[in-house]
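Colleague:
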Amino acid sequence: MKQLLLGNAALARGLYEAGCSVVSSYPGTPSTEVTEEAAKYDEIYCEWAPNEKVAMEVAFGASLAGKRSFCGMKHVGLNVAADPLFTLSYTGVTGGIVICVADDAGMHSSQNEQDSRHYAKSAKLPMLEPSDSAEALEFTKRAFELSEEYDTPVIIKMCTRVAHSQSVVELGERVLPETIPYEKNIAKYVMMPGNAKRRHPVVEERMKKLTALAETTDLNREEMGGTELGIITSSTCYQYVKEVFGDRASVLKLGMIHPLPVQRILDFAAKVDRLVVVEELDDVIEQHCKALGLSVSGKDLFPVIDEFSQNLVAEKLGQPIPESKPLDEVLPVRPPVMCAGCPHRGMFYTLSKNKCVVLGDIGCYTLGAVAPLSAIESTLCMGASVSGLHGFNKALGKEGEQHAVGVIGDSTFMHSGMTGLANIAYNQSNSTVVILDNSITGMTGHQQNPTTGYNIKGDPAGKSDLESLCHAMGIHRVRVVDPYDLKACDAAVKEELAAEEPSVIISRRPCVLLKYVKHNKPIIADAEKCRGCKRCMGLGCPAISMRNGKAVIDNTLCVGCGVCEQLCAFDALKSGEV
Amino acid sequence: MVHNIMIVGVGGQGSLLASKLLGHLLLQEGYDVKVSEVHGMSQRGGSVVTYVRFGDHVYSPVIDKGEADVIVSFETLEAARWIGYLKKDGKVIVSTQEIDPMPVITGAMSYPEHLVDKMRAAGVTVDAVDALTLAEKAGSAKAANLVLMGRLSRYSDFPESAWQEAIEACVPKKYLELNRVAFAEGRAEQ
């Protein structure tokens, strides 16, 4: 049956058809839907793990037990899981392991633009790279076969445009692999020096075999056309190249991006007059070609920054591009904003008002850095708000401790914030951490996490209690505030910054977009009373704007959270009751 | 021959349902189809764009500058923002709804005036629809996406039955009637 599937959904279908049994992932754009879609198949056990390292180790355990397993993550997630990844390369697998990493060239929803292909090279693992949904499905099945045949985890590299594009796929049946019984194998699975020394040569030998495979596999294919120009490419770049050239150029399309073939590339190069590599981000294929002594163009023409498109490929390779006429007018930009009624807003307003130095983290609340709140002063990676705050305070002493806070979401705290908090408690910086607990993983589209009490299917599950957790880690001052209550937020921030010991403020209210959250009637703006002081505008709420010098409320956006009402000194903003 | 439709708007306006519906329709009509969506951070009230491409064989999942046959915009400013993606003789279907972006909310800029006229003056064919009012008439402001799909259907050769079948396949049963009415409002309104 033909169906239009998102690249990520097609990959999930591949997991189903390949008989994958266990899936453990941490959400991250653009990888999240793989696991969400996999969870729709009752035959696959799926879960959200607290972080990517845990997810990969779960996949390892399932493989050890003889089952096919999977973990998926975004590019920066693989940094977190890099520890198990490199040694998993040594142990190899029992049941096949497939790891999906989704890059985000163009940084649609990421803090950096790293190229995950370097991981395949340095961890010495095969990496497949699909160019559309049909390949995402097919390559996933092939990846499990390769994993078991070559005794190695296999990485599937997605990118935003493949992960988040729908294209046509043909669905197949689920085929369960033969059951592999668990067997104790200390030499293969206990990676202490003596054993690891014997496994490393196995890894090197495996790479040689995989390189031989790259020479012949149909995962790589030659599409001969005009021979004036030969292009080596993969992933979504292949689509752009074909869009521009059709059959006018010859293409070596690489589906297996590591290890790269040698003879096959030399043969292809010999058939064309001019050789060009078209690859997003770093010059991985190009450097390989250059090491083979080939004269090749690549990053001399194409950028190492941002994603590509058909016009870019056309322009850089001397082809015409269509005429384009933008409107001759400076238009206001429309960056993403915190939603109307977002529970984070009240806390950020409070932190901004108290002139706190705020070390931020990864999530919706990173938008607290945007004007007019401009409340976040650093964002590095998952968990860095908490550990960074400790360093900031150790460096500045009281000067830091009385003004600086770290803000981190509930899911991010469980992912990487806990260890930083343990450090604060252990090494005693007088730090104030604010956990912005909106009871969900928000930015990636509402995934459950260990603090929500529900699993990936929305069924009741175990629940980590944040208050007890902080207490148990050695933090004595733990208090909960409602971020819709500005007075309570202000008191909490002032008191905890002044306190002579580490503290945690849990700013708790569920995300306003959650289905179970009831909205109040919109706030009513009284034009008679409004003096146009613009104090409410300091909240950066998309539901409030000024018209003819008076505050007006957008009824389609306002959820009646009442935070603006608390700010108005003239009673011009009144709740519309429930 | 590949046809290109862009759906643009503000994150949260319901463009994902519109692209799902188009994807379903085009696949049923026997085309190769690619639909490229935006997930993640941009969805939070930012400028969003969905590309829908169909033809005998579609390679690139994205539409580039100067390539779109039609831009369907859920919001006026967003239509103006993406106008450079339109083909020379392309068409814009735009909802007259205006949503202030943050620079306007903070007072740093004002919402540009007379954008529809300016687009027309630039030689673009613009079909401006009060989709919000029509959607409210149909029963919910949230059905503006279906009003716009109804409007788009007027410029397509596909039979209305094919559109209706796609609506039925993509919309939850509970909201089917509402969406049907909204579609009809968009298709009928002059």
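Sequence order for the protein chains is A and B.
Per our numbering, residue 1395 is the first one in the first sequence, and the count goes up by one each step.
Per our numbering, residue 8 is the first one in the second sequence, and the count goes up by one each step.
Virtual Cβ for every residue (Gly too), placed ideally from N, Cα, C.
Small disclaimer: the values here were computed from a predicted structure and weren't measured.
For a contact meaning CB atoms closer than 7 Å, what does B:ARG88 contact in chain A?
Modeller: Here the neighbours are LEU1725.
Colleague: If distances are taken between C-alpha atoms only, which option among A:ILE1491, A:VAL1562, A:GLU1507 and A:TYR1544 comes closest to A:ASP1526?
Modeller: Cα-wise, what sits closest to A:ASP1526 is A:VAL1562.
Colleague: Near B:ALA142, which residues of its chain fall below 6 Å by C-beta distance, leaving aside the five closest residues on each side in sequence?
Modeller: Excluding positions up to five away in sequence, the list reads ALA148, ALA150, ALA151, VAL154 and ALA189.
Colleague: As a quick exercise: from A:THR1627, A:ALA1663, A:ALA1433 and A:PRO1421, pick the residue whose alpha carbon is nearest that of A:GLU1446.
Modeller: Measuring from the Cα of A:GLU1446, the nearest candidate turns out to be A:PRO1421.
Colleague: May I ask you to report which of helix, strand or coil DSSP gives B:LEU93?
Modeller: Three-state DSSP puts B:LEU93 in a strand.
Colleague: Count the C-beta pairs between the segment 1905-1921 of chain A and the segment 1948-1963 of chain A that are closer than 8 Å, then say yes if the count reaches three, no if not.
Modeller: The answer is yes - the segment 1948-1963 of chain A touches the segment 1905-1921 of chain A, with three or more Cβ pairs under 8 Å.
Colleague: Kindly list, in the order they appear in chain A, the residues whose Cβ is closer than 7 Å to that of B:ASP96.
Modeller: Residues of chain A passing the Cβ test: none, with the nearest at roughly 11 Å.
Colleague: Under 7 Å Cβ-Cβ, which residues of chain A neighbour B:ASP71?
Modeller: Ordered by position in chain A, the residues that pass the 7 Å Cβ test against B:ASP71 are SER1703, GLN1704 and ASN1705.
Colleague: So which residues on chain A does B:SER43 lean against when the C-beta distance must stay under 7 Å?
Modeller: Within 7 Å Cβ-Cβ: ARG1555, HIS1558 and SER1559.
Colleague: Count the other CB atoms within 10 Å of the CB of A:LEU1570; is the residue buried (16 or more) or exposed (fewer)?
Modeller: Label assigned to A:LEU1570: exposed.
Colleague: Buried or exposed: which applies to A:ILE1699, given that a residue is buried once 16 or more other Cβ atoms fall within 10 Å of its Cβ?
Modeller: Looking at its Cβ environment, which holds fewer than 16 other Cβ atoms inside 10 Å, A:ILE1699 is exposed.
Colleague: Measuring CA to CA, which of A:CYS1935, A:LEU1815, A:LYS1535 and A:GLY1740 is closest to A:LEU1880?
Modeller: Comparing Cα-Cα distances from A:LEU1880 to each of A:CYS1935, A:LEU1815, A:LYS1535 and A:GLY1740, the minimum goes to A:GLY1740.
Colleague: Once you ignore the five residues that flank A:THR1806 on each side, which residues in its own chain have a CB closer than 7 Å to its CB?
Modeller: Answer for A:THR1806: ASP1755, ILE1756, GLY1757, MET1776 and GLY1777, listed in chain order.
Colleague: Along chain A, in chain order, which residues have C-beta atoms closer than 8 Å to that of B:THR113?
Modeller: The contacting residues are ALA1765, PRO1766, MET1931 and GLY1934.
Colleague: Here's a check: name, in chain order, each residue in its chain whose Cβ is nearer than 8 Å to the Cβ of A:LEU1998, leaving out the five neighbours to either side.
Modeller: Shown here, chain A extends from 1395 to 1972; a query on residue 1998 of chain A therefore has no answer.
Colleague: What are the residues of the segment 1731-1747 of chain A that lie near chain B, defined by any Cβ-Cβ distance shorter than 8 Å?
Modeller: Answer in chain order: VAL1731, MET1732 and CYS1733.
Colleague: When DSSP labels each residue in this structure, what does B:PRO166 get in the three-state scheme?
Modeller: Residue state, collapsed to three classes: coil.
Colleague: Does any CB atom of chain B fall closer than 7 Å to the CB of A:TYR1420?
Modeller: No - not a single Cβ of chain B is within 7 Å of the one on A:TYR1420.
Colleague: Taking DSSP's pairing of strands, which residues face A:ILE1550 in a bridge?
Modeller: DSSP, once it has assigned bridges, lists A:CYS1494 and A:LEU1522 as partnering A:ILE1550.
Colleague: Tell me the rounded alpha-carbon separation between A:MET1808 and A:TYR1583.
Modeller: Looking at the two C-alpha atoms, the distance is approximately 28 Å.
Colleague: Kindly indicate if chain A contains any beta-carbon less than 7 Å away from that of B:GLY30.
Modeller: It does; some Cβ of chain A falls within 7 Å.
Colleague: Is it the case that the Cβ atoms of A:ARG1600 and A:THR1534 are separated by a distance below 7 Å?
Modeller: Against a cut-off of 7 Å, the Cβ pair of A:THR1534 and A:ARG1600 comes out as no contact.
Colleague: Take A:PHE1696 and list the residues in its own chain whose beta-carbon comes closer than 6 Å to its own, dropping the five residues that flank it on each side.
Modeller: Excluding residues within five positions, the ones whose Cβ falls inside 6 Å are LYS1710.
Colleague: Go to A:LEU1399, then tell me how far its beta strand (DSSP E) extends in each direction, as first and last residue.
Modeller: That run of the beta strand (DSSP E) goes 1396-1400.
Colleague: Could you tell me which residues DSSP pairs with A:LEU1753 in its beta bridges?
Modeller: In DSSP, A:LEU1753 forms a bridge with A:SER1772 and A:GLY1800.
Colleague: Thinking C-alpha only, which one of A:SER1939, A:ALA1459 and A:LYS1515 is nearest A:ASP1677?
Modeller: Of A:SER1939, A:ALA1459 and A:LYS1515, the residue nearest in Cα terms is A:LYS1515.
Colleague: Does A:CYS1465 come out as helix, strand or coil in the three-state DSSP assignment?
Modeller: A:CYS1465 falls in the strand class under three-state DSSP.
Colleague: Is A:SER1425 close to chain B? Criterion is C-beta to C-beta, closer than 7 Å.
Modeller: Closer than 7 Å: no.
Colleague: What in chain A is Cβ-close to B:ALA181, meaning under 9 Å?
Modeller: Note on residue identity: the sequence assigns Lys, not Ala, to residue 181 of chain B. By Cβ distance, chain A contributes nothing, its closest Cβ being about 14 Å from B:LYS181, past 9 Å.
Colleague: Do we get a CB-CB distance below 7 Å when we pair B:GLU1 with the residues of chain A?
Modeller: The structure shown does not extend to residue 1 of chain B, since chain B is modelled only from 8 through 197, so no value can be given for it.
Colleague: Return no unless some Cβ of chain A is closer than 7 Å to the Cβ of B:GLU74.
Modeller: Yes - at least one Cβ of chain A is within 7 Å of the one on B:GLU74.
Colleague: Quick one: using the 10 Å Cβ neighbour count with 16 as the cut-off for buried, is A:HIS1784 buried or exposed?
Modeller: Label assigned to A:HIS1784: buried.
Colleague: Is it the case that the Cβ atoms of B:GLY18 and B:GLY53 are separated by a distance below 7 Å?
Modeller: Result yes, Cβ atoms of B:GLY18 and B:GLY53 sit closer than 7 Å.
Colleague: Classify A:TYR1420 as helix, strand or coil using the three-state DSSP reduction.
Modeller: Coil.
Colleague: So which residues of chain B does A:LYS1636 contact, with C-beta pairs closer than 7 Å?
Modeller: In chain order: TYR66.
Colleague: What are the residues in the segment 1940-1960 of chain A lying within 7 Å of chain B by C-beta distance?
Modeller: The residues in question are MET1940 and THR1950.
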